[in-house]
Every structure is written in C-alpha cells, then in structure tokens.
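Comments concern the structure below.
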Amino acid sequence: MEISALTRSVVKGSHAVISPDGYINSNVPGWTDCVVNILISDAMGANFCQTLITAEENTQLEGKTEASQIFFYVISGKASVKINNQKKSLSKGQFVYVPVGKEYLFDKFKEDTQVLTFHKEYEKLDGYEVPETIFGNAADVPAPEYLGDPALRLQELLPKDFSFDMAVNIFTYDSGGHLPMVETHIMEHGLIYLRGQGIYMLDHEWYPVKKGDTIWMAPYCQQWFTAMGKEPAVYIYYKNVNRFPAIV
Ligand code: UGY
Ligand code: MN
108 MEISALTRSV VKGSHAVISP DGYINSNVPG WTDCVVNILI SDAMGANFCQ TLITAEENTQ
168 LEGKTEASQI FFYVISGKAS VKINNQKKSL SKGQFVYVPV GKEYLFDKFK EDTQVLTFHK
228 EYEKLDGYEV PETIFGNAAD VPAPEYLGDP ALRLQELLPK DFSFDMAVNI FTYDSGGHLP
288 MVETHIMEHG LIYLRGQGIY MLDHEWYPVK KGDTIWMAPY CQQWFTAMGK EPAVYIYYKN
348 VNRFPAIV
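Taken in order, the sequence shown gives residues 108 to 355; the numbers are from the numbering used here.
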C-alpha cells in the first residue's frame, strides 16, 4: 500500500517543488468543464502565475488578457483557439503567446488534453510596441547547444526583443548533462518537466524530480540540475527578462 502521508512536494520561501500527488483543483471564472491546478502564484510569493489545465468533454477557456499577458503551451492532446479574430488548431508542442488586451477562446478539446499557462503582468517599455499574438511550434524552434555543451540544448520560444518582458524556453539535458555552474540570479523561474528525471539543487537542498513535477524558483534562489536515467530530461520554463529591478 502507498503511504499517503509522504510526498516529494515542498513549499518554502525561496522555492517550491510541486508533484502531482498533492494537486487539489481550482475553479476559476471563464475556464469551464476542466480541471485547473494553479501550481505557482502570488499566493506563494511569486511574481507570476503558472497553471495546468486538463480538458474534459466540453472544456472551454474564455477570457480577456488585461494587466497580464498569457503564454499557452499544449503538453499533450489538441484544441482549437481563437485570439480576437485569429483562429488556429493547436496540438502537442504548439503554443500561443497572448499579449495584453486580447480576447481568447479555446474549445473543441480532445479529452485529457493538457495545457500549461504562464501569466505575467506586462511592463511596457517606452519606445517599444506591445507585442502581437504569436503562434508557434516547439518542433520548429532551433535547439542550439547551451554554453558549448553538446549534452544541453536550449530552445527560446519567444523573440529576444525588448518589447517582451518574459521568456519561455525549453531546456533538454541528455542523461548525465548538468548546468555548468550553480546559477545565482535576479530572474525568477517557473517550470514543469515534460520528460525524464534528475536531481535539482535549490538553495543548497537536493530534490529528485521527474516528468510532471513543477518547480518555482524565487529571484536569487540558487539553482543547479543534473539529468539521470535512460532518457533526456526536458523542462519548459518561464523567466522574467529585459527590465530593470524596481530601484535603480
Ligand atoms: O535561463 C536560465 O536562467 C536557466 N539556465 N536556468 C535554469 O534552467 N534553472
Ligand atoms: Mn536560471
């Protein structure tokens, strides 16, 4: 028998590991007939939000982006999407970036489709336009080596342009591949594992992690990862970029 009093999940001041065994569903306005798990939010001290939506028979996601932009990524399955008047079908690995001020509607979901979202309040920069809607497919995004290490590949899903204040990247580690150093930085992260497993070090604590797990790293949370096992480890992650801190 499984012991129900055990979990790998932890929630601390500077980081969290959320494994699916502890999920409790939320109901939020406009997202109907689906399971919604709010995995990272301001309620835990984060400056952005990360959710996971699992579709049921008549799922619809309807809303308008106001202060926050939203990045939607299809982890598995298929759905239709309309952003203002642009219509598309999205399947595994496809995504849409919805800037502020747009109406969105997702429907015609295949049952059990999983959609990941990252939400960030948009900080406009003088002299730069608000970005447009972007549709894309991770399979079409180049995957160059990261810092010259062939065991690591980094895909950047959004343009590197100062009109954007967030990045969403997919990081692939071959088994045994690891970050080249312990990172210590102001940028915050939220991630979910799409594949594989490994060990994450967060502020000098060590966590075994695997497909389906979410991690939150607050600004300056120290971080290092190594992939283990028989297949590559892959995570998709959020990062705030391209802006000064509040006091300069
Ligand atoms: O972009 C990053 O900061 C990335 N190298 N961090 C991470 O994967 N923990
Ligand atoms: Mn980092």
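Heads up, the beta-carbon is just placed ideally off N, CA and C, and yes, glycines get one too.
DSSP three-state label for glycine 297, please.
Within the sequence shown, the letter at position 190 stands for residue 297. Residue state, collapsed to three classes: strand.
For valine 124, which residues of its own chain have a beta-carbon under 7 Å away from its beta-carbon, when the five flanking residues on both sides are left out?
Position 17 of the sequence shown, counting from 1, holds the residue named residue 124. Arg115, Ser116, Val117, Tyr314, Val316, Asp320 and Ile322, listed in sequence order.
Spatially closest choice to alanine 162 from Ser183, Pro238, Leu265 and Glu173, by CA coordinates:
Against the sequence shown, residue 162 aligns to sequence position 55. Ranking Ser183, Pro238, Leu265 and Glu173 by Cα distance to alanine 162 puts Ser183 first.
Buried or exposed for alanine 150, going by 16 or more other Cβ atoms inside 10 Å?
Locating residue 150 in the sequence shown gives position 43, where the first residue counts as 1. Classification for alanine 150: exposed.
Run of the beta strand (DSSP E) containing histidine 226, from where it starts to where it stops:
Taking the sequence shown and counting its residues from 1, the one referred to as residue 226 is at position 119. Note, histidine 226: beta strand (DSSP E), 221-228.
Any heavy atom of the ligand UGY closer than 7 Å to the Cβ of tyrosine 344?
As a working mapping, residue 344 is identified with position 237 in the sequence shown. Yes, the beta carbon of tyrosine 344 sits closer than 7 Å to at least one heavy atom of the ligand UGY.
Alpha helix (DSSP H) segments (min. 4 residues) lying fully within the region 224-277
none
Does the ligand MN have a heavy atom nearer than 7 Å to the CB of glutamate 290?
If you number the sequence shown from 1, residue 290 lands on position 183. The answer is yes for glutamate 290.
Coil, strand or helix - methionine 151 by DSSP:
Residue numbering aside, residue 151 sits at position 44 when the sequence shown is read from its first letter. In this structure, methionine 151 counts as helix in the three-state DSSP scheme.
Of the residues Phe178, Phe332 and Ser187, the one placed nearest aspartate 281, counting alpha carbons only
Residue 281 sits at position 174 when you count from the first residue of the sequence shown. For the residues Phe178, Phe332 and Ser187, the minimum Cα distance to aspartate 281 belongs to Phe332.
Proximity test, phenylalanine 286 beta-carbon vs the ligand UGY heavy atom, cut-off 7 Å:
The residue you call residue 286 lines up with position 179 of the sequence shown. Per the sequence presented here, residue 286 reads as leucine, with phenylalanine not at that position. Because some heavy atom of the ligand UGY lies under 7 Å away, the Cβ of leucine 286 counts as near it: yes.
Can you tell me whether proline 206 is buried or exposed? The criterion is at least 16 other CB atoms within 10 Å of its CB, across all chains shown.
Locating residue 206 in the sequence shown gives position 99, where the first residue counts as 1. That one is buried.
Under the three-state DSSP convention, the category proline 315 falls into:
Here residue 315 refers to the residue found at position 208 when the sequence shown is read from its first residue. If DSSP states are grouped into helix, strand and coil, proline 315 belongs with the strands.
If we count Cβ pairs, one from each stretch, closer than 8 Å, do we get three or more for the region 193-200 versus the region 160-174?
no
With distance defined between alpha-carbon atoms, name the residue in Tyr229, Lys119, Ile110 and Leu159 nearest to methionine 273.
In the sequence shown, residue 273 corresponds to position 166, counting from 1. It is Tyr229.
Using alpha carbons as the reference points, say which of Ile110, Thr240 and Glu295 lies closest to alanine 325.
Residue mapping note: residue 325 aligns to position 218 of the sequence shown, counting from 1. Here the closest residue by C-alpha is Glu295.
Check whether the region 330-350 and the region 282-289 are in contact - that is, three or more C-beta pairs closer than 8 Å.
yes
DSSP three-state call for aspartate 128: helix, strand or coil?
Working through the sequence shown from its first residue, we reach residue 128 at position 21. Aspartate 128 falls in the helix class under three-state DSSP.
Any heavy atom of the ligand MN closer than 7 Å to the Cβ of histidine 311?
What you label residue 311 is simply residue 204 of the sequence shown in a count that begins at 1. No, since every heavy atom of the ligand MN falls outside the 7 Å radius drawn around the Cβ of histidine 311.
Count Cβ pairs between the region 260-274 and the region 231-244 that sit closer than 8 Å; are there 3 or more?
yes
For histidine 311, count neighbouring C-beta atoms within 10 Å of its own C-beta (all shown protein chains included) and say buried if the count is 16 or more, exposed if not.
To locate residue 311, count along the sequence shown from 1; it is residue 204. The residue is exposed, with fewer than 16 neighbouring Cβ atoms inside 10 Å.
Pick from Lys209, Ser175 and Glu164: whose alpha carbon is nearest that of alanine 186?
Residue mapping note: residue 186 aligns to position 79 of the sequence shown, counting from 1. Measuring from the Cα of alanine 186, the nearest candidate turns out to be Glu164.
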